Amino acid sequence: MAKVKLFDRHWHLPKSKPIRIGLGIILVALGLLGFLPVLGFWMIPLGLLVLSVDLPIVRRWRRQVTVWWHKKRGDAEDVSAGKQKVD
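Quick note: the sequence shown uses this note's numbering, first residue 93, plus one each step.
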């Protein structure tokens, strides 16, 4: 079963790959209409997160953002190598 981790929680996604890809595309497309009521720009990153399960290019972007985020926060653990920083 496909899962994504967001904010230390695991979210289950549909088992079918075409449904996951369709859901991701719909979320991104509706997110582009975020200026309308009910829809929001928050749907774009959520759609990209869903697409990252099946599409390698989006997965690579997600990984780059994760590494950047942890470097920016100054976490003690180096995400890219899985090693401790030497002070």
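Even for Gly, the Cβ is constructed at its ideal location relative to N, Cα and C. Everything numeric in this text was worked out from a predicted model, so none of it was measured.
- Fewer than three beta-carbon pairs drawn from the segment 121 to 128 and the segment 143 to 154 are found closer than 8 Å, and the two stretches are therefore not classed as touching.
- By alpha-carbon distance to I111, the top candidate from L98, V142, L138 and L122 is V142.
- Contact annotation, G139 with V120: C-beta distance approximately 4 Å; criterion of less than 8 Å satisfied.
- Counting of Cβ neighbours within 10 angstroms places S144 among the buried residues, the total reaching 16 or more.
- When DSSP reads this structure, K95 sits in a beta bridge with H104.
- The residues L105 and V145, in chain order, have a CB closer than 6 Å to that of A94 in the same chain once the five nearest residues on each side in sequence are set aside.
- The straight-line gap separating the alpha-carbon atoms of G123 and I113 is approximately 15 Å.
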